[in-house]
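Structure first, commentary second.
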Amino acid sequence: MPKNRTRLTPHPMDLPPGLTSIREAVRETPVRATCEVLVVGGGPAGVGAALAAAQTGADALLVERYGMLGGMWTAGLVNPFFEATRNGWIVTQIVRRLEEAGAWMPWRWAYTFDPETMRRELECMMAESGVRLLYHCLCVDSIVEGNRVRGVVIESKAGREALLADVVVDCTGDGDVAARAGAPFEFGRLGDGLVQPMTLMFEVDGTGDFAQDSAPALFDAMTQAIQDHSLGVELPFGRANYVPWIIALPAAGTAAVQLTHVYRLNPLDPADLTAGTIEARRQAAEAVEVLRHVPGLQGVRLRRTAAQIGVRETRRILGAYQLSLDDLAAGCRFPDGIASCAFGVDIHEPAPGAGVPSGHGATMQPYEIPYRCLVPAEVDGLLVAGRCISGTHEAHASYRVTGTCVATGQAAGLAAAWSSARGVSPSQLSGPSLRAALVHHGVALPAQRSLGH
Numbered sequence: 348m349p350k351n352r353t354r355l356t357p358h359p360m361d362l363p364p365g366l367t368s369i370r371e372a373v374r375e376t377p378v379r380a381t382c383e384v385l386v387v388g389g390g391p392a393g394v395g396a397a398l399a400a401a402q403t404g405a406d407a408l409l410v411e412r413y414g415m416l417g418g419m420w421t422a423g424l425v426n427p428f429f430e431a432t433r434n435g436w437i438v439t440q441i442v443r444r445l446e447e448a449g450a451w452m453p454w455r456w457a458y459t460f461d462p463e464t465m466r467r468e469l470e471c472m473m474a475e476s477g478v479r480l481l482y483h484c485l486c487v488d489s490i491v492e493g494n495r496v497r498g499v500v501i502e503s504k505a506g507r508e509a510l511l512a513d514v515v516v517d518c519t520g521d522g523d524v525a526a527r528a529g530a531p532f533e534f535g536r537l538g539d540g541l542v543q544p545m546t547l548m549f550e551v552d553g554t555g556d557f558a559q560d561s562a563p564a565l566f567d568a569m570t571q572a573i574q575d576h577s578l579g580v581e582l583p584f585g586r587a588n589y590v591p592w593i594i595a596l597p598a599a600g601t602a603a604v605q606l607t608h609v610y611r612l613n614p615l616d617p618a619d620l621t622a623g624t625i626e627a628r629r630q631a632a633e634a635v636e637v638l639r640h641v642p643g644l645q646g647v648r649l650r651r652t653a654a655q656i657g658v659r660e661t662r663r664i665l666g667a668y669q670l671s672l673d674d675l676a677a678g679c680r681f682p683d684g685i686a687s688c689a690f691g692v693d694i695h696e697p698a699p700g701a702g703v704p705s706g707h708g709a710t711m712q713p714y715e716i717p718y719r720c721l722v723p724a725e726v727d728g729l730l731v732a733g734r735c736i737s738g739t740h741e742a743h744a745s746y747r748v749t750g751t752c753v754a755t756g757q758a759a760g761l762a763a764a765w766s767s768a769r770g771v772s773p774s775q776l777s778g779p780s781l782r783a784a785l786v787h788h789g790v791a792l793p794a795q796r797s798l799g800h
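348 is the number of the first residue of the sequence shown in our numbering; add one for each residue after it.
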């Protein structure tokens with residue numbers, strides 16, 4: 348046989364009658380790598396976790412399904428960057444690098460950035476901090492011994508492999524590692540179980556110096572344009588304060604657009620993700636045609652749609668504590684508070700045409716997120732960070748934004764590094780000690796913050 352010729356051995360499987368399932372034979376899965384801290388998911392939370400763990404001295408490995416870091420920032424083109432100040436040293440490092448690269452600018456109550464520069468700078472930060480990266484791998488299972496997570500199983504072009512770690516940090520957004528490890532979770536709001544709609548972000552150019560006054564004002568202008576020019580378009584949302592937004596980017600005349608909405612879909616179902624992505628991409632093209640008839644936007648052009656549709660809400664892993672709307676209303680502080688948040692309760696109506704959703708814009712104060720929200724119930728050796736931490740549907744609508752995701756990831760990464768170095772489980776760590784360390788690293792307390800969006 349020629350030296351450049353080879354073949355793979357198919358894995359034995361049985362196809363029982365009916366073909367509703369198959370039986371796979373027992374297999375041995377090779378271990379690709381071991382590490383002290385394994386971070387699954389390279390979005391904002393994963394970036395925070397991996398950098399914090401490595402900069403604390405841990406051998407950190409980050410595994411990511413795309414060929415880039417940043418998640419919703421980059422694959423999802425999500426702007427602006429909310430909660431970008433006073434959230435600890437990792438956020439500060441990211442912002443400083445983007446500023447130095449000329450890829451950062453203020454926008455209303457937040458900031459915007461250039462996604463391509465974000466991709467590059469995040470990779471540089473990982474290299475400088477000693478984080479090992481593994482792209483193009485999908486986590487398909489959790490490795491559990493007793494009730495302790497020991498690693499994950501990944502699938503890639505190289506096949507099925509295992510990654511083992513002292514501590515795993517689930518930064519998948521959907522809580523995939525925790526769910527597959529048997530951790531309990533909630534999905535959707537009480538009553539009908541619906542989650543917030545998905546949005547496919549897109550970018551445009553030709554915006555000139557257009558400056559949007561408010562979401563209702565742009566909605567009215569688009570509605571008027573549809574009527575005046577008989578465009579036959581129906582906007583996928585009602586008049587609200589959270590959509591649509593044209594968000595100016597650092598490059599002159601360019602903007603990210605938060606507009607498309609797809610409803611009553613399950614972001615954990617690939618068929619729903621497919622249908623939602625196709626529909627949202629159609630909405631984006633249609634919306635640009637409408638925007639061309641809005642005064643000040645006649646020269647607008649569609650540059651690109653995101654590779655990944657924006658998912659606001661899926662699993663919320665139940666932890667040792669569940670953050671609630673009451674906690675937000677009271678501006679609660681906790682002995683083990685590891686991050687603070689001042690972003691409003693931003694619930695996009697899960698059902699079309701239902702008006703402003705219950706809880707949206709609820710009265711709140713800057714509040715703390717306790718470490719216990721990062722510690723899954725009934726499962727050890729695992730931490731969660733990002734939008735899948737332990738909280739109710741309403742509380743989640745505040746802490747799900749990217750800056751807060753970095754902050755919870757940062758806390759989880761520090762905790763994971765401590766856990767590995769001390770040979771104890773994450774649940775055994777002192778929350779107040781973590782809090783003190785994070786405050787030392789620049790995490791602001793609620794009393795030092797004012798409400799944002």
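All residues carry an ideal CB built from backbone N, CA and C; glycine is no exception.
(1) Given a cut-off of 9 Å on the beta-carbon distance, is the pair alanine 622 and valine 609 in contact?
(2) By how many angstroms is the C-alpha of glycine 395 removed from the C-alpha of valine 438?
(3) Within the continuous alpha helix (DSSP H) that includes arginine 629, where are the two ends?
(4) I need the boundaries of the alpha helix (DSSP H) containing glutamate 741, first residue and last residue.
(5) If distances are taken between C-alpha atoms only, which option among Thr546, Val378, Gly414, Ala572 comes closest to leucine 606?
(6) Mind reading off the beta-carbon distance from valine 848 to alanine 709? Whole number of angstroms is fine, and I expect it under 8 Å.
(7) Would valine 373 and alanine 763 be called neighbours here (beta carbons separated by less than 9 Å)?
(8) Could you give the DSSP three-state label for phenylalanine 566: helix, strand or coil?
(9) If you compare alpha carbons, which of Val425, Leu612, Asn613, Arg650 is closest to tryptophan 592?
(10) With a cut-off of 8 Å on the beta carbons, I'd call alanine 572 and valine 641 a contact; round off their distance for me.
(11) Go ahead and pull the three-state DSSP assignment for serine 368.
(12) Please state whether DSSP places glutamate 696 in a helix, a strand or coil.
(13) Could you give the first and the last residue of the continuous beta strand (DSSP E) run that contains proline 453?
(14) If I follow the unbroken alpha helix (DSSP H) through cysteine 471, where does it start and stop?
(15) Look up tryptophan 436 in the DSSP assignment and give the residues it is bridged to.
(16) So does the segment 666-682 actually touch the segment 432-451, counting three or more Cβ pairs closer than 8 Å?
(17) With distances taken from CA atoms, which of Phe549, Cys688, Thr554, His707 is nearest arginine 629?
(18) With H, G and I counted as helix, E and B as strand and the rest as coil, what does DSSP make of proline 391?
(19) Helix, strand or coil for valine 524? Go by DSSP, reduced to three states.
(20) Measuring alpha carbon to alpha carbon, tell me which residue in Gly678, Ala401, Ala392 is nearest tryptophan 765.
(21) What residue range is occupied by the uninterrupted beta strand (DSSP E) comprising alanine 407?
(22) Do you know offhand how far proline 583's Cα is from leucine 596's?
(23) With DSSP run on the structure shown, which of helix, strand or coil describes threonine 751?
(24) Quick check: the segment 496-514 against the segment 633-640, are there 3 or more CB pairs under 8 Å?
(25) Going by C-alpha distance, which of Ala653, Ala689, Gly657 is nearest leucine 615?
(26) Buried or exposed: which applies to cysteine 688, given that a residue is buried once 16 or more other Cβ atoms fall within 10 Å of its Cβ?
(27) With three or more beta-carbon pairs closer than 8 Å as the criterion, would you say the segment 521-531 touches the segment 482-492?
(28) Mapping the DSSP letters down to three states, classify alanine 653 as helix, strand or coil.
(29) According to DSSP, serine 489 sits in a beta bridge with which residue or residues?
(30) Please identify the residue among Val786, Ser772, Ala783 whose C-alpha is closest to the C-alpha of asparagine 494.
(31) Which same chain residues end up closer than 6 Å to glutamate 430 when comparing Cβ atoms and leaving out the 5 residues on each side of it in sequence?
(32) With DSSP as the reference, label proline 723 as helix, strand or coil.
(33) Can you tell me whether DSSP reads leucine 582 as helix, strand or coil?
(34) Rounded to a whole number of angstroms, what is the C-alpha to C-alpha distance between asparagine 613 and glutamate 660?
The relevant details are as follows:
(1) yes
(2) 8 Å
(3) 617-638
(4) 740-746
(5) Thr546
(6) The first residue shown for the chain is 348 and the last is 800, placing residue 848 beyond what the model contains.
(7) With respect to alanine 763, valine 373 sits apart: the two C-beta atoms are not nearer than 9 Å.
(8) helix
(9) Val425
(10) 5 Å
(11) In the displayed model, serine 368 falls within coil according to three-state DSSP, outside both helix and strand.
(12) coil
(13) 451-454
(14) 462-476
(15) BP columns for tryptophan 436 are empty, so no partner.
(16) no
(17) Phe549
(18) helix
(19) Three-state DSSP puts valine 524 in a helix.
(20) Ala401
(21) 407-410
(22) 24 Å
(23) Note: threonine 751 maps to helix in three-state DSSP.
(24) no
(25) Gly657
(26) Classification for cysteine 688: buried.
(27) yes
(28) coil
(29) Per the DSSP secondary-structure output, serine 489 pairs in a beta bridge with Val499.
(30) Ser772
(31) Phe690, Val748, Gly750, Thr751
(32) strand
(33) coil
(34) Each residue's Cα considered, the two are about 9 Å apart.
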